[in-house]
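Heads up: the structure comes next, in structure tokens.
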Amino acid sequence: MEVAKRADARLSTDTRTESSPRSPVCSLRHFACEQNLLSRPDGSASFLQGDTSVLAGVYGPAEVKVSKEIFNKATLEVILRPKIGLPGVAEKSRERLIRNTCEAVVLGGLHPRTSITVVLQVVSDTGSLLACCLNAACMALVDAGVPMRALFCGVSCALDSDGNLVLDPTTKQEKEARAILTFALDSVEQKLLMSTTKGLYSDAELQQCLAAAQAASQHIFRFYRESLQRRYSKS
Amino acid sequence: MAAGFKTVEPLEYYRRFLKENCRPDGRELGEFRTTTVNIGSISTADGSALVKLGNTTIVCGVKAEFAAPPLDAPDRGYVVPNVDLPPLCSSRFRTGPPGEEAQVASQFIADVIENSQIIKKEDLCISPGKLAWVLYCDLICLDYDGNILDACTFALLAALKNVQLPEVTINEETALAEVNLKKKSYLNVRTTPVATSFAVFDDTLLIVDPTGEEEHLSTGTLTIVMDEEGKLCCLHKPGGSGLTGAKLQDCMSRAVTRHKEVNKLLDEVIQSMKHK
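Chains as they are written, first to last, in the UniProt record's numbering: chain B, 1 to 235; chain E, 1 to 276.
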């Protein structure tokens with residue numbers, strides 16, 4: 001059993017030195033990650049962003065049902081369980097988003113006719129849930145040793161009625177926001193892998209949020225790297 | 001000869017066309033299929049529309065019923081969309097509870113309604129706390145040939161513009177609702193959200209309005225929903241290959257032109273309805 005290592009990372013990025021009404025002071029909440037905490041799945045991870053916490057488990061590459069098998073690559077499945085109640089249509093939509101993001105990075109061609117299952121359980125939700133799910137899924141896939149062409153991370157940003165940008169919004173900030181944008185970015189070139197948005201916003205605001213998300217993703221990828229280095233340097 | 005090659009190596013067959021900047025059905029990379037729309041054809045529904053995008057056919061029917069408004073928002077009504085993909089439209093769907101594709105499409109339409117504020121829910125309230133309209137929007141696919149999200153959004157928009165609600169008064173003595181079917185008024189449709197879908201090929205090439213085969217061969221999809229002021233209601237990119245900011249900009253400009261095309265078509269149809 002791995003000793004849990006918490007990597008503290010409080011980051012603040014001032015993108016402009018002079019203050020102007022639109023200059024965003026972007027800061028991500030404190031995040032932490034724990035790997036290999038479950039004994040049954042091949043890989044598992046728990047990702048914390050502020051108070052939002054998601055537990056992910058990965059089984060794979062494993063046996064696949066003949067009806068679902070793909071002849072030249074692995075079949076990816078994502079199951080998302082909400083904290084309370086039964087999974088509904090919104091969960092199905094989120095599962096599709098996470099699954100397609102994982103399919104873009106996982107090298108399924110190396111394990112044809114197998115299945116890789118990612119199970120996500122929401123432990124607590126205080127905002128930026130989808131971003132936290134993506135981060136937990138990535139860490140769990142790494143822990144399981146699934147071959148990937150890049151890492152990915154999820155970043156959420158909220159635009160309030162004045163046009164101010166807040167990264168990693170809490171539930172209260174999400175409720176008051178005019179628009180909430182969630183992106184998944186890859187680690188190689190910070191390209192946009194997945195995007196889902198809520199609310200109305202303009203094209204310029206989209207580019208602004210994307211740029212802020214790309215800057216924030218650098219911090220998250222650095223955190224991934226540090227926590228993995230710490231883990232493997234001990235053993 | 002070509003048919004044999006297409007069966008064995010569909011992706012290579014497709015790449016040969018893309019190299020010449022066109023597609024097997026003769027379209028350019030940025031060209032939409034022929035769009036046809038017919039509104040008001042279902043007489044039993046309060047509003048209806050049939051949209052054909054090439055072969056993809058979606059029927060939208062809107063029925064209005066009474067309901068008690070939600071407790072936390074007593075001055076609002078409901079708009080409930082549902083997308084149905086029956087086995088009729090494609091061999092990949094089975095009978096039974098809605099599959100993942102249908103659920104994702106329903107969630108997408110619900111998000112578009114919510115984000116674009118196409119109808120102000122306050123307009124659907126008849127008597128605060130007691131009675132409100134609920135609009136059940138059922139979208140049924142009759143033929144699945146790719147790009148159902150665009151067709152569904154257009155069908156929903158056209159059907160909502162066609163909805164006529166009767167006047168309702170609450171009789172104070174009996175506290176019952178009285179419906180005056182002779183006096184009907186159109187819904188106040190505030191914005192016109194138009195969806196434009198793209199498919200990503202080989203991580204670099206973007207093509208507009210993918211057919212069923214193209215969707216199957218693509219490595220990713222992107223749907224942009226824009227309203228008439230150029231504001232974005234939804235940027236739906238469910239995974240797939242990565243895109244840079246510059247590529248997104250190209251997609252935005254294509255979405256703006258598509259919005260104008262759709263708007264023009266919808267205005268023509270509504271004008272022709274009024275002349276009847």
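Just so it is clear, CB atoms sit at the ideal spot from N, CA and C, and this is done for glycine as well. As the structure is a computational prediction, the values presented were derived from the model and not from experiment.
| query | result |
| --- | --- |
| Boundaries of the beta strand (DSSP E) in which C133/B is found, first to last residue | Note, C133/B: premise wrong, no beta strand (DSSP E); alpha helix (DSSP H) at 129-144. |
| First through last residue of the alpha helix (DSSP H) which encompasses S116/E | 100-116 |
| Cβ shell of L149/E (< 7 Å), same chain only, five flanking positions each side left out | A105, F108, A195, S197, T223 |
| Short Cβ contact (9 Å threshold) for T170/B with T197/B | no |
| For K121/E, the nearest candidate out of G77/E, N171/E, R94/E (CA to CA) | G77/E |
| Residue range of the unbroken alpha helix (DSSP H) whose run includes V105/B | 89-105 |
| Chain B contact for C234/E (CB, 9 Å cutoff) | yes |
| Outcome for M273/E when other beta-carbon atoms lying within 10 angstroms are tallied against a minimum of 16 | exposed |
| Reference A216/B, options A56/B, A204/B, L165/B, closest by Cα | L165/B |
| Simplified DSSP state of S253/E, which is helix, strand or coil | helix |
| Whole-number beta carbon distance between N82/E and D138/E, since they are thought to touch under 8 Å | 5 Å |
| First and last residue of the uninterrupted beta strand (DSSP E) at E167/E | 164-170 |
| Residues that P81/E bridges to, as DSSP identifies them | C137/E |
| Residues bridged to K198/B [DSSP beta-bridge criterion] | I180/B |
| Cβ contact (3+ pairs, closer than 8 Å) linking the segment 14-33 of chain E and the segment 206-213 of chain E | yes |
| As assigned by DSSP and simplified to three states, the class of H259/E | helix |
| Reduced DSSP secondary structure (H/G/I, E/B, other) of Q229/B | helix |
| Where A68/E falls, given that 16 or more other Cβ within 10 Å makes a residue buried | exposed |
| Simplified DSSP assignment, three categories, for G220/E | strand |
| Residue of L48/B, R96/B, A179/B minimising C-alpha distance to I220/B | L48/B |
| Residues bridged to Y59/B (per DSSP) | T117/B |
| Cutoff 6 Å; reference H259/E; Cβ partners in own chain excluding five residues on either side | V194, M226 |
| Where K237/E falls: helix, strand or coil (DSSP) | strand |
| Environment of I84/B [buried if 16+ CB atoms lie within 10 Å] | exposed |
| CA-to-CA distance, K231/E to Q208/B, given in whole angstroms | 14 Å |
| Interface residues of chain E facing E103/B [CB-CB closer than 7 Å] | G239 |
| Assumed close pair E103/B, G239/E - CB separation to whole angstroms, cut-off 8 Å | 6 Å |
| DSSP-derived helix/strand/coil call for K63/E | strand |
| Status (buried if at least 16 other CB within 10 Å, exposed otherwise) for D111/E | buried |
| Residues sharing a beta bridge with I207/E, DSSP | A199/E |
| Chain-order list of residues whose beta-carbon lies under 6 Å from that of V168/E (same chain, five-residue window excluded) | I126, A177, V179 |
| Burial state of Y186/E, where buried means 16 or more other Cβ atoms lie within 10 Å | exposed |
| Within 7 Å of chain E by C-beta, residues of the segment 51-84 of chain B in sequence order | none |
| Nearest to K161/E (by Cα), restricted to the options R33/E, I270/E, L18/E, L11/E | I270/E |
| Element boundaries [beta strand (DSSP E), containing R81/B] | 75-81 |
| Three-state secondary structure assigned by DSSP to G47/E | strand |
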